[in-house]
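Novice: Heads up: the sequence lines are chains A and B, in that order. Sequential numbering from 7 applies to the first sequence in our numbering. Sequential numbering from 7 applies to the second sequence in our numbering.
There are 2 protein chains.
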Amino acid sequence: MEILTPKQKQILDYISRYFLKNRMAPTVREIADSFGFRSPKAVSDHLEALERKGYLTRTTGIARGIRLVEELQESRDRDSSIPIVGDVAAGLPILAIENVLGTLSMDSTFGAGELFAVRVRGDSMIDHGIYDGDFVVVRRSPHVDNNAIAVAYVNGESTVKVFHKTECGYTLIPGNSKYPPIEINPETDEFSVAGPVVGVVRAM
Amino acid sequence: MEILTPKQKQILDYISRYFLKNRMAPTVREIADSFGFRSPKAVSDHLEALERKGYLTRTTGIARGIRLVEELQESRDRDSSIPIVGDVAAGLPILAIENVLGTLSMDSTFGAGELFAVRVRGDSMIDHGIYDGDFVVVRRSPHVDNNAIAVAYVNGESTVKVFHKTECGYTLIPGNSKYPPIEINPETDEFSVAGPVVGVVRAM
DNA sequence: CCATATACTATACATATGTATAGCTTTCGG
DNA sequence: CCGAAAGCTATACATATGTATAGTATATGG
Chain A
7 MEILTPKQKQ ILDYISRYFL KNRMAPTVRE IADSFGFRSP KAVSDHLEAL
57 ERKGYLTRTT GIARGIRLVE ELQESRDRDS SIPIVGDVAA GLPILAIENV
107 LGTLSMDSTF GAGELFAVRV RGDSMIDHGI YDGDFVVVRR SPHVDNNAIA
157 VAYVNGESTV KVFHKTECGY TLIPGNSKYP PIEINPETDE FSVAGPVVGV
207 VRAM
Chain B
7 MEILTPKQKQ ILDYISRYFL KNRMAPTVRE IADSFGFRSP KAVSDHLEAL
57 ERKGYLTRTT GIARGIRLVE ELQESRDRDS SIPIVGDVAA GLPILAIENV
107 LGTLSMDSTF GAGELFAVRV RGDSMIDHGI YDGDFVVVRR SPHVDNNAIA
157 VAYVNGESTV KVFHKTECGY TLIPGNSKYP PIEINPETDE FSVAGPVVGV
207 VRAM
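(1) Can you tell me which of the three DSSP states residue 202 of chain B falls into?
(2) Between residue 155 of chain B and residue 202 of chain B, is the Cβ-Cβ spacing less than 8 angstroms?
(3) Go through its chain and collect everything with a Cβ distance to residue 55 of chain A's Cβ below 7 angstroms, but skip five positions before and after it.
(4) For residue 115 of chain B, which residues of its own chain have a beta-carbon under 8 angstroms away from its beta-carbon, when the five flanking residues on both sides are left out?
(5) Where residue 159 of chain A and residue 186 of chain A are concerned, what is the direct C-alpha to C-alpha distance, given to the nearest angstrom?
(6) Does the count of Cβ pairs from the region 45-55 of chain A and the region 25-37 of chain A closer than 8 angstroms reach three?
(7) If we count the other Cβ atoms within 10 Å of its Cβ and call it buried at 16 or more, is residue 71 of chain A buried or exposed?
(8) At the level of alpha carbons, what is the spacing between residue 142 of chain A and residue 123 of chain A?
(9) Could you name the residues of chain B that residue 69 of chain A contacts, counting a contact when the two beta carbons are closer than 8 angstroms?
(10) What residues in the region 17-30 of chain B bring their beta carbon closer than 9 angstroms to a beta carbon of chain A?
(11) DSSP has residue 74 of chain B in a bridge; who is on the other side?
(12) CB-CB under 6 angstroms to residue 211 of chain B, same chain, minus the five flanking residues each way: which ones, in chain order?
(13) Can you pull the chain B neighbours of residue 205 of chain A, defined as C-beta to C-beta under 8 angstroms?
(14) Starting from the beta carbon of residue 116 of chain A, find every residue of chain B whose beta carbon is closer than 7 angstroms, and list them in chain order.
(15) Give the single residue among B:153, B:121, B:198 whose Cα lies nearest to the Cα of residue 180 of chain B.
(16) Using only the alpha-carbon positions, how far apart do residue 183 of chain B and residue 196 of chain A sit?
(17) The beta strand (DSSP E) spanning residue 171 of chain B covers which residue range?
(18) Roughly how far, in whole angstroms, is the beta-carbon of residue 121 of chain B from the beta-carbon of residue 145 of chain B, given that I think they are within contact range, below 8 angstroms?
(19) When you compare each of B:9, B:10, B:43, B:62 to residue 25 of chain B by their alpha carbons, which one comes out closest?
(20) Use the C-beta contact count for residue 73 of chain B: other C-beta atoms within 10 angstroms, 16 or more gives buried, fewer gives exposed.
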């Protein structure tokens, strides 16, 4: 990281401490007052330098728009992840650090993109291991691979099905022989793809 | 804590997720826009109620002055979570803030306790919706309810099975008729219970 | 010696933003 | 049937706040 002048360091420290204390960014004028500057422009200049050197980012035009870069955020990541342990050859000790192969976290487990989850009702996807009460994690996207599991809104209802492409639309195939496939005619049906299912989460 | 109306809960949830995403509080008008309110006063009223009920504090007169109370920060802050959206009655708009029912997070979804995850190999639990490659989330504990799914180490191998108690030990029942149940004799078998399965996570 | 960066002052402006006043509708317990 | 609370609309206002223009002074490296 580019080196800071003493003054810039002091201002960065102030912002950091302000975040800790107030859980929000200071305003330009609060910083100015704290340092005895008579003009907010003095602070503006420093912030510009700090942004240029990569220590913070600002969103122009919004109040309290300073954000420290990841590395500077103190006690970040109060790890909400679950360690993955592998097969333990000798039985115990389980959960030894040596055996941790990775972590489960909502951040990375399901890949990038805008994710959301829907609770599944019913047993129409039971043959694909999706049970009543499970959450399916969906990546919001209009594109779904052929024969992939996805979520769509059909005639006012959300549904999880296998998406099979046809010449003029889709066939939605349930994962349970009790239910028939649904032919979608995009001209007569109200139909909107939410996105592909990228994960399943079940809490027991 | 005093109970919230559904709307108040939704607004609190919005603020919480905004904090997570932006590391700052939303403005009154950002909330209003997100919910489709045409007047900022609608939000003001809700914030007043949320403050009165003890879920947040505001500093009057300053921009982005909303702060969540400590308890709410603990469980939501610095946690990557996925919003859960409900069934959408009218089809679109999906992922509208109005439809957010809660969040999926590794912190809270699987309950308290020391959690870890194991990747499942094989199809021995397929009838219980646990597939090859799934992660099972385990709460480390020697106690397993009768006929619950749990993880154990048997003769140097980790295994996921239904635990059925017998007079002198356990019968481990696979969730696939292809495989036979395993009788455990605690005197002759090397046997150690890791804990009950409290969740399943599948990334596709 | 000159360009550049640092480090400010003074003033001004536009808008981002919290908050208030005055209503309206709906729901719900007593 | 009434009153209170929830849940809004419409409008307005004051100020909190980011940002710009213009300028001063000092140091520093090329």
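Glycine included, each C-beta is placed from N, C-alpha and C at the ideal position. Quick caveat: nothing in here was measured; it's all calculated off a predicted structure.
Specialist: Well, looking at it:
(1) Here residue 202 of chain B sits in strand by DSSP.
(2) For residue 155 of chain B and residue 202 of chain B, yes; Cβs fall inside 8 angstroms.
(3) Excluding the 5 residues flanking it on each side, residue 55 of chain A has same chain C-beta neighbours closer than 7 angstroms at 14, in chain order.
(4) Taking C-beta separations shorter than 8 angstroms and ignoring five residues to either side along the sequence, the partners of residue 115 of chain B in its chain run 205, following chain order.
(5) Here the alpha carbons of residue 186 of chain A and residue 159 of chain A stand approximately 17 angstroms from one another.
(6) Cβ pair count under 8 angstroms is three or more, so yes.
(7) By the neighbour-count rule (16 or more Cβ atoms within 10 Å), residue 71 of chain A is buried.
(8) Rounded to the nearest angstrom, the gap between the Cα atoms of residue 142 of chain A and residue 123 of chain A is 5 angstroms.
(9) What residue 69 of chain A touches in chain B: 33, 69, 70.
(10) Within the region 17-30 of chain B, the residues whose Cβ lies closer than 9 angstroms to some Cβ of chain A are 25, 28, 29, 30, listed in chain order.
(11) Looking at the DSSP output, residue 74 of chain B shares a beta bridge with B:62.
(12) With chain B represented from 7 up to 210, any question about residue 211 of chain B goes unanswered, as that position is not in the structure.
(13) Taking the beta carbon of residue 205 of chain A as reference, the chain B residues within 8 angstroms of it are 207, 208, 209, 210, listed in sequence order.
(14) Ordered by position in chain B, the residues that pass the 7 angstroms Cβ test against residue 116 of chain A are 209.
(15) A check of alpha carbon separations from residue 180 of chain B across B:153, B:121, B:198 identifies B:153 as the nearest.
(16) Linking residue 183 of chain B to residue 196 of chain A through their CA atoms gives a straight-line distance of about 42 angstroms.
(17) Taken as a continuous stretch (DSSP letters only), the beta strand (DSSP E) holding residue 171 of chain B covers 163-171.
(18) About 6 angstroms separates the Cβ atoms of residue 121 of chain B and residue 145 of chain B, confirming a contact at the 8 angstroms cut-off.
(19) Checked all of B:9, B:10, B:43, B:62; the closest Cα to residue 25 of chain B is B:62.
(20) Classification for residue 73 of chain B: buried.
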